[in-house]
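**Student:** Below: one structure in structure tokens.
Protein chains: 2
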Amino acid sequence: MAIRLQDIADDLNLSKMTISKVLRGQTDVSAETKARVLKRMKELNYRPNISARGLRTGQTYSVGMVVPTLADPAIAQMVRGMNEVFRPASYSLVISSVDGDAELEEREAELHLSRQVDALIVCPRSDASDAPQVLKTTTVPVIYAGSTPPRFAGLSVGLREAEVGQLAAEHLLERRCKRIAYLRGPRTAVADKRFAGFLEALRNAGVTVRQEWIAETQSSEAEYRSGFAAMKRLQAGKMRPDGVVAYTDLLAAGARDAALSGRMEIPRTLQVIGCGNVIEVCETQVSLTSVDLAREELGRRVARMALKRIEEKGETSQRSATLSPRVVQRESTRAS
Amino acid sequence: MAIRLQDIADDLNLSKMTISKVLRGQTDVSAETKARVLKRMKELNYRPNISARGLRTGQTYSVGMVVPTLADPAIAQMVRGMNEVFRPASYSLVISSVDGDAELEEREAELHLSRQVDALIVCPRSDASDAPQVLKTTTVPVIYAGSTPPRFAGLSVGLREAEVGQLAAEHLLERRCKRIAYLRGPRTAVADKRFAGFLEALRNAGVTVRQEWIAETQSSEAEYRSGFAAMKRLQAGKMRPDGVVAYTDLLAAGARDAALSGRMEIPRTLQVIGCGNVIEVCETQVSLTSVDLAREELGRRVARMALKRIEEKGETSQRSATLSPRVVQRESTRAS
DNA sequence: ATGAAAGCGCTAACAC
DNA sequence: GTGTTAGCGCTTTCAT
Chain A
3 MAIRLQDIAD DLNLSKMTIS KVLRGQTDVS AETKARVLKR MKELNYRPNI
53 SARGLRTGQT YSVGMVVPTL ADPAIAQMVR GMNEVFRPAS YSLVISSVDG
103 DAELEEREAE LHLSRQVDAL IVCPRSDASD APQVLKTTTV PVIYAGSTPP
153 RFAGLSVGLR EAEVGQLAAE HLLERRCKRI AYLRGPRTAV ADKRFAGFLE
203 ALRNAGVTVR QEWIAETQSS EAEYRSGFAA MKRLQAGKMR PDGVVAYTDL
253 LAAGARDAAL SGRMEIPRTL QVIGCGNVIE VCETQVSLTS VDLAREELGR
303 RVARMALKRI EEKGETSQRS ATLSPRVVQR ESTRAS
Chain B
3 MAIRLQDIAD DLNLSKMTIS KVLRGQTDVS AETKARVLKR MKELNYRPNI
53 SARGLRTGQT YSVGMVVPTL ADPAIAQMVR GMNEVFRPAS YSLVISSVDG
103 DAELEEREAE LHLSRQVDAL IVCPRSDASD APQVLKTTTV PVIYAGSTPP
153 RFAGLSVGLR EAEVGQLAAE HLLERRCKRI AYLRGPRTAV ADKRFAGFLE
203 ALRNAGVTVR QEWIAETQSS EAEYRSGFAA MKRLQAGKMR PDGVVAYTDL
253 LAAGARDAAL SGRMEIPRTL QVIGCGNVIE VCETQVSLTS VDLAREELGR
303 RVARMALKRI EEKGETSQRS ATLSPRVVQR ESTRAS
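So, in structure tokens, the structure goes:
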């Protein structure tokens, strides 16, 4: 077995209490003793048993996180933001990925609670209509990251999704686009909100929305191809769009490449804007203007909220927060 | 506080031992009692405290994993493979991302040990020359995933990196390429091995390697642009390559797009092959042939190795394993 | 400044 | 089939 407090105590003819005090930086230990203890700890490669400590104190300094998938740059960004806050506070983030499986999400959330996390962060699956059951029966703080499922009355940090569509539309309108197409993406709550924002911006600008320019795209697989195909279809119509808003950067990239492979020039005859601001995708070819979804900031906010809720044990002085997206301009739209 | 075994025991006028037995599926409990207990557990939303159990049994059923970054599709694939093995065995994978920081890697590994993981999996940073110090002073099984750092004498599951370069070269040679360029990527051990394999394949085929076709590319940032620029340079030379092997898919994509934007046709006048088989990157434009790095299988193997090592407590009947890559053909190279 | 006792929630080993 | 005792490694509380 590994080295324990007791071993060090025996070794130094002290009680384990004294060792424990040194370990936790208590001040009522003589400097000399403290030095001896620390030295021996190093030598023996002592590592405190966090489970045991947690059992005693009721705090594990770990925060659970449930995400639909790890293969999503947005998640990686959020996690980076969270760690920025958690690490300095000595908390660890324990992530589990559930591959979009609702049942697994339930099980993993439960597992986290069993492991005594101090808080639980949930990134809802895109099609989630409800929070996992477990979360309703726990006193552990739960925070939603990205959006709150409709029937969950808890804390969350979200993004003004409607603004995403709105900003994208306004960006193109400011650049004199008159015929703006939209690549719709999946039929999820998030996608619907972005689309609604897009429509509203056009309406506010007095620009008509033509049904034929609202392009349905395939499911999340093969997004690029889906965007490519949709753009080809749009180009085949008699009225060609002079601007495209796409639900994701990959859709936008597909649309861009379809346009380039046709007769279009970007941004001269067609301007394109995506969502996500995923650099690996945006910084290609004629680079893509994109709506940044503030994932890192979102991660930071969620983490800070979690820490606060952990501290205040019970009374909840807190409110959910919502962030705004912003446009990052690149070559696929004009400068002014 | 949460519900404990004791609460259920009190509730049902049983000893907590009986409850514990039901919890763990022991058979020496009457069917009737068992049913009552299970029912009450459900009702009260009882969740066993895994820390406490771990403290007692010395097993936490969690496996730590340290990765250089989460924003890497290869990692996501490995994790999927691991979970495929771990979940059915009731183990959880606890991942921490260290953003390529050696010191952080050390700290996170230590943290995992403090949290009493049953095994530790490490994905070495690309520039790692040595394993974290902590790992030398622990009895917990440690397994390297992807490659073993030079000075670490432990278990690992790796990939025959030289074969990656070799397969790529052979793929192009079989397709009648005579003038094969190579986009080299960063100066890491892995990149060097792939390059060595590439050189060997050419030598075996009696094809000369021209220095001017070995293109240095920028650091990992902006890979696409780097590949694009490198290809432009190659095209500007008097002897133009008729085939390109790139260290990553993103480099390959950049090279492909540079070629397409010039006078080249792919695969007719230029054939391109990348490494990584990242679908989001490969399935674009003229889709990219790529060397698949068997990440999911690697994850599975690592996980199985971890479970075995956990079981056999001490004696180590095991040897490291090495997997082979394989080529996935797409449009950027010819059919035959 | 140091230490003894008790107990966090659970389970192994053994009675009954 | 059920219960008792002891203890995993640590910290809290209170003596000394």
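Chains as they are written, first to last, in the numbering used here: chain A, 3 to 338; chain B, 3 to 338.
Where a beta carbon is used, it is the ideal one built from N, C-alpha and C, also for glycine.
Using the beta-carbon count (16 or more within 10 Å), is residue 70(B) buried or exposed?
**Tutor:** With at least 16 other beta carbons inside 10 angstroms of its own, residue 70(B) counts as buried.
**Student:** Within 10 Å of its beta-carbon, does residue 76(A) have 16 or more other beta-carbons around it, so buried, or fewer, so exposed?
**Tutor:** buried
**Student:** What number of angstroms, rounded off, separates the C-alpha of residue 260(A) from the C-alpha of residue 335(A)?
**Tutor:** 16 Å
**Student:** Sorted by chain position, which residues of the same chain lie with C-beta nearer than 6 Å to residue 329(B)'s C-beta, five sequence neighbours on each side aside?
**Tutor:** Taken in chain order, the residues that qualify are 169, 173 and 293.
**Student:** Determine the closest residue to residue 45(A) out of 44(B), 37(B), 139(B) and 125(B), with distance taken between C-alpha atoms.
**Tutor:** Ranking 44(B), 37(B), 139(B) and 125(B) by Cα distance to residue 45(A) puts 139(B) first.
**Student:** Just reading off the beta strand (DSSP E) that residue 67(B) is part of, what are its end residues?
**Tutor:** Taken as a continuous stretch (DSSP letters only), the beta strand (DSSP E) holding residue 67(B) covers 64–69.
**Student:** For residue 179(B) and residue 252(B), what's the separation of their Cα atoms in angstroms?
**Tutor:** 22 Å
**Student:** Please return the same chain residues whose Cβ sits closer than 7 Å to the Cβ of residue 211(B), not counting the five positions on each side in sequence.
**Tutor:** Within the same chain, residue 211(B) has close Cβ partners 201 and 204.
**Student:** Would you verify that the beta carbon of residue 73(A) is, or is not, closer than 7 Å to some beta carbon of chain B?
**Tutor:** yes
**Student:** So what does residue 342(B) bridge to, in DSSP terms?
**Tutor:** Because chain B here runs from 3 to 338, residue 342(B) falls outside it and cannot be looked at.
**Student:** For the segment 47–56 of chain A and the segment 3–20 of chain A, state whether three or more C-beta atom pairs, one from each stretch, are separated by less than 8 Å.
**Tutor:** Yes, they touch.
**Student:** Quick check on DSSP: helix, strand or coil for residue 37(B)?
**Tutor:** helix
**Student:** When you check each C-beta in the segment 107–119 of chain B against every C-beta of chain A, which residues fall closer than 7 Å?
**Tutor:** 112, 113, 115, 116, 117 and 118
**Student:** Assuming residue 112(A) and residue 68(A) are in contact, meaning their beta carbons sit under 8 Å apart, how far apart are those beta carbons, in whole angstroms?
**Tutor:** The Cβ separation is near 10 Å, so there is no contact.
**Student:** With 7 Å set as the bound, which would you pick, yes or no: does the beta-carbon of residue 139(B) sit closer than that to a beta-carbon of chain A?
**Tutor:** yes
**Student:** Determine the closest residue to residue 194(B) out of 243(B), 300(B), 49(B) and 164(B), with distance taken between C-alpha atoms.
**Tutor:** 164(B)
**Student:** When the Cα of residue 114(A) is compared with those of 50(B), 312(B), 254(B) and 199(B), which residue comes out closest?
**Tutor:** 50(B)
**Student:** When the distance is taken between beta carbons, is residue 78(B) closer than 7 Å to residue 295(A)?
**Tutor:** no
**Student:** So the candidates are 321(A), 326(A), 313(A) and 304(A); which of them puts its Cα closest to the Cα of residue 80(A)?
**Tutor:** For residue 80(A), the closest alpha carbon among the candidates 321(A), 326(A), 313(A) and 304(A) is that of 304(A).
**Student:** Using a Cβ cut-off of 8 Å, pull out every chain A residue sitting near residue 279(B), in sequence order please.
**Tutor:** Those within 8 Å of residue 279(B) in chain A number zero; the least Cβ separation is about 13 Å.
**Student:** Just to make sure I have the definition right: I need the residues of chain A whose C-beta is within less than 9 Å of the C-beta of residue 98(B). Which are they?
**Tutor:** Contact note: residue 98(B) reaches chain A through 85, 94, 95, 96 and 97, using a C-beta cutoff of 9 Å and chain order.
**Student:** Reducing DSSP to helix, strand and coil, say where residue 29(A) ends up.
**Tutor:** Of the three classes helix, strand and coil, the one that applies to residue 29(A) here is coil, per DSSP.
**Student:** Is the Cβ-Cβ distance between residue 273(A) and residue 177(A) less than 7 Å?
**Tutor:** Yes, Cβ-Cβ distance for residue 273(A) and residue 177(A) is below 7 Å.
**Student:** Rounded to a whole number of angstroms, what is the C-alpha to C-alpha distance between residue 186(B) and residue 167(B)?
**Tutor:** 10 Å
**Student:** Starting from residue 294(B), trace the beta strand (DSSP E) in both directions and tell me its first and last residue.
**Tutor:** 291–294
**Student:** Residues of chain A with a CB under 7 Å from the CB of residue 287(B): which are they?
**Tutor:** 259
**Student:** Let's test the definition: count the other Cβ atoms within 10 Å of the Cβ of residue 110(A) and tell me whether it reaches 16, buried, or not, exposed.
**Tutor:** buried
**Student:** So is residue 286(B) buried or exposed if we call it buried at 16+ other beta carbons inside 10 Å?
**Tutor:** buried
**Student:** Mind pulling the chain A residues with CB within less than 9 Å of residue 40(B)?
**Tutor:** Near residue 40(B) there are no residues of chain A at all, since even the closest Cβ is about 16 Å away, more than 9 Å.
**Student:** Thinking residue 93(A) and residue 63(A) are a contact (beta carbons under 8 Å), I'd like their distance in whole angstroms, please.
**Tutor:** 5 Å
**Student:** Using beta carbons (cut-off 7 Å, strictly below), is residue 50(B) in contact with chain A?
**Tutor:** Yes, residue 50(B) counts as interfacial toward chain A.
**Student:** Is there at least one Cβ from chain B nearer than 7 Å to residue 56(A)'s Cβ?
**Tutor:** yes
**Student:** Whose Cβ in chain A lies nearer than 9 Å to the Cβ of residue 252(B)?
**Tutor:** 282 and 286
**Student:** Which residues in the same chain as residue 184(A) place their Cβ atom closer than 6 Å to its Cβ, once the five residues preceding and following it in sequence are excluded?
**Tutor:** 200, 216 and 247
**Student:** Could you check which residue in 299(B), 198(B), 31(B) and 192(B) has the C-alpha nearest to that of residue 2(B)?
**Tutor:** Look at the range of chain B in this structure, 3 to 338, and you will see that residue 2(B) is not part of it.
**Student:** Extract the residue ranges of the alpha helix (DSSP H) inside the segment 165–246 of chain B, only unbroken runs of 4 or more that lie entirely within it.
**Tutor:** 191–206 and 225–238
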